[in-house]
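Trainee: The structure under discussion is supplied below as structure tokens; questions concerning it will follow.
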Amino acid sequence: MQTSTNCLVQKLYSSEGLQASKTKTLRSRPTTAGNKIRNQASRLVSQLMKCTPHYIRCIKPNETKKPRDWDSARVKHQVEYLGLKENIKVRRAGFAYRRPFNKFIQRYEILINKNQRNDIDEKRVIQQTLSSLQIDQSQYQLGKTKLFIKAPETLFMLEEARDRKYNMYARVIQKAFKKYFARRRQEQEKQQAADLLFGHKERRRASFNRNFMGDYIGLEGKRQMLNLIGRKEKVFFAETVKKYDRRFKVSRRDLILTSKYLYLIGREQVKKGPEKGKKVEIIKRKLSFNQISNISLSTLQDDFVVIHAKDDYGSLLELTFKTEFLIALSKRYVEETGHVLNIKFGNHLEFKIKKEGWGSGGTRHVQFTQIDYGDKEILKSSGKILNVCIGPGLPSTTKLNVNRTSAGHRYGKVNASHSFRQTNPRSQFEVTEKPKLSVADSSNRAVRLSNQKKQVMQEPKKLENNNMPLMGMFTNPTARPRAGMLRFPPPPSEPPPPCTPVPLGFRMPAIDNNGNKSTQNDAKTKPVRPAPRAPVNIRQKPALPSLPKAKSLYDYSPQDVDELQLKEGDIIEILKEDKDGWWHGRLNGRTGLFPSNYIVKI
């Protein structure tokens, strides 16, 4: 208004009038009783926060509301009325906080050890619980039916330990629920992925019963790549794939699926600037879900996927985790576009290539052929056609057994790649009773045991050296072993006959040229036994690393549950040092915090 061209407006909103109005409005108002009480209460609270009060009572010193005006009779009457005298006496005597044994156990039952909960002696249970919390015995006393606590800090410590225990159990329950729902979600994703390819495409053995991870690149540690796609974008799938160009040459790309786009990120060298020659990530292709027309796959167990775009060229990719990518892409596609993703299956795929120069882009073809064996693709390109040969996989009608995977999580671990049944060894081999040895057989026991040990040790070597396929033993456990398969001999039904002991060093009689046997009865030699070796303990645990130690200079009583109680002369093992002054150590089998200015390193 002051810059207006109208003279009347300039006079009405002159700078002098505005300054005068400001000075009038800035006058302070008189303080009211409410403001005084509020200010005094805030000052009192600020003073109380500087100390650790235990008992607070407000006393009115006078009726005149003036400073340094003390009415002794009025103050004495308030002290007697509030019972401050008796409270001070009890406080001096100590142990003002008391609680019966049964109520204390009911309140802090979560802190009691499991082995002590069935103990009938309540007094012993309380004493062991307080000692396990490192509470000094001078801070409490045990009566006949009640527990007497001296300082309120002990109660605060008990309440804090109780809250921490509840928090720990709540986290355990939360972890179990999260694990259950995550497992349930993974099973649903596996079933949806199996239904997506059921009856259309052969599956690899490792693709069944595999948990979906989503991020196989580790985008959390790659900031430059996150800056390209946006840090706030949620990534549903990320994998390093092989991309084939118009001449079917392979180049590495990072396939990233977010909530809005599908990215193909490559690497190029910087040509100019201070970072010349350095490889940086760039976006090679960015497709929205509306631009994707359909996805093409073969009916074999190969890993090739063709992404077709509307009015644009296609991309031929080779993905290891194609099933997980398809189910993630189909879900995002339905959410964004509102209709189902079109997935085509065939052994002859055709896709457009990118236009270069003045000529048209053209098309390329991929022909898939099944051979007798092999899980690895055999590629051969001829002109505009890429021939892919691969062996047979699991039938396209193979169903996922969800019950077996869920039972494996509940009762034990299950192999994620194969879900074969294991045969019961007792059903194959009958175990007979151990034969009793007579006195005559006891002398031959050592010889037989040594021969048996050698035979048992040689059996695994035979299995390792044998190149015969053993898949039939697992796929059909109820069938009998076929001819030519490896079978173990059945155990003997009767005990072996006694045999004469063979002395060590015995030599068979030699035969001369005339056929006569020469005896060794005249020259008997004593058996030579090898010297015994020192036993080697294979399961011996490695020695623990030596930790730095410190000596306590003063006594320290813990103020919290996770602190150590120190006495002068205690030797502490230092686990971790911190600049704040609170170190982490171990004393008498218990770990906790302690002040660093109370100790000295040894």
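For the sequence shown, the UniProt record's numbering assigns the number 1 to the initial residue and increments by one for each residue that follows.
Don't be surprised by glycine CBs; every beta carbon is placed ideally from N, CA and C.
(1) When the Cα atoms are used, what is the spatial distance from L257 to Y166?
(2) Please confirm if the stretch 131-150 is in contact with the stretch 98-117, defined as three or more CB-CB distances below 8 Å between the two stretches.
(3) Measure the beta-carbon distance from residue 621 to L228 and round it to whole angstroms, keeping in mind my assumption that it falls under 8 Å.
(4) What is the rounded straight-line gap between the Cα of L82 and the Cα of R74?
(5) With distance defined between alpha-carbon atoms, name the residue in K579, K278, D562, V600 nearest to R164.
(6) Taking only the alpha-carbon atoms, compute the straight-line gap between S42 and E86 and give it to the nearest angstrom.
(7) Counting beta carbon pairs with one atom in the stretch 169-178 and one in the stretch 573-588, are three or more of them shorter than 8 Å?
(8) Please tell me whether K243 and S315 are closer than 8 Å, where the distance is taken between their beta carbons.
(9) Please confirm whether F345 and L386 have their CB atoms less than 8 Å apart.
(10) Scan the stretch 283-312 and note each continuous beta strand (DSSP E) run of 3 residues or more that stays entirely inside, going in chain order.
(11) Drop a sphere of 10 angstroms on the beta-carbon of D303, count the other beta-carbons inside from all chains shown, and report buried for 16 or more, exposed for fewer.
(12) Using C-beta distances below 6 Å, list every residue in its chain close to L564, excluding the 5 sequence neighbours before and after it, in chain order.
(13) Roughly how far, in whole angstroms, is the beta-carbon of I292 from the beta-carbon of Y333, given that I think they are within contact range, below 8 Å?
(14) Is V305 near L319, with beta carbons less than 8 Å apart?
(15) Closest to K144 by C-alpha separation, out of Q134, S132, I126, A170, would be which residue?
(16) At which residue ranges does the stretch 154-238 contain complete alpha helix (DSSP H) runs of 4 or more residues, listed in the order of the chain?
(17) Looking only at its own chain, which residues have a Cβ that is under 6 Å from the Cβ of D69, when we skip the five neighbours before and after it?
(18) Give the straight-line distance between the Cα atoms of I135 and E153, rounded to the nearest whole angstrom.
(19) Only counting the same chain, and skipping five residues up and downstream in sequence, which positions put a Cβ closer than 7 Å to that of F248?
(20) Rounded to whole angstroms, what is the Cα-Cα separation between I295 and G221?
(21) Given a cut-off of 8 Å on the beta-carbon distance, is the pair K551 and I571 in contact?
(22) Do L400 and Q191 have their CB atoms nearer than 8 Å?
(23) Distance check for A194 and K201, CA to CA, integer angstroms please.
(24) Between R162 and I112, is the Cβ-Cβ spacing less than 8 Å?
(25) Any idea what DSSP makes of P595, helix, strand or coil?
(26) Tell me whether R57 is buried or exposed, calling it buried when 16 or more other Cβ atoms sit within 10 Å of its Cβ.
(27) Would you list the one or two residues that DSSP bridges to D254?
(28) Taking the alpha-carbon of Q78 as reference, which of I88, I120, K60, I371 has the nearest alpha-carbon?
(29) Can you name, in chain order, every residue of its own chain whose Cβ lies under 7 Å from the Cβ of L130, other than the five neighbours on each side?
(30) Answer yes or no: do L547 and Y556 have a C-beta to C-beta separation smaller than 8 Å?
(31) Taking the CB atoms as reference points, tell me whether T369 and R203 lie closer together than 8 Å.
(32) Run through DSSP, which three-state label would Y556 get?
(33) Please classify S4: does DSSP put it in a helix, a strand, or coil?
(34) Drop a sphere of 10 angstroms on the beta-carbon of S207, count the other beta-carbons inside from all chains shown, and report buried for 16 or more, exposed for fewer.
(35) Measuring only the C-alpha atoms, how far is S396 from E233?
(36) Residue range of the alpha helix (DSSP H) that S46 falls in?
Mentor: The relevant details are as follows:
(1) 41 Å
(2) yes
(3) Lying before the first or after the last residue shown, residue 621 is absent from the chain, which here runs from 1 to 602.
(4) 12 Å
(5) D562
(6) 29 Å
(7) no
(8) yes
(9) no
(10) 292-297, 304-309
(11) buried
(12) L587, G592, F594
(13) 7 Å
(14) yes
(15) I126
(16) 223-229
(17) N62
(18) 11 Å
(19) S381, L386
(20) 31 Å
(21) yes
(22) yes
(23) 10 Å
(24) no
(25) strand
(26) exposed
(27) T240, I265
(28) K60
(29) Y140
(30) no
(31) no
(32) strand
(33) coil
(34) buried
(35) 35 Å
(36) 33-49
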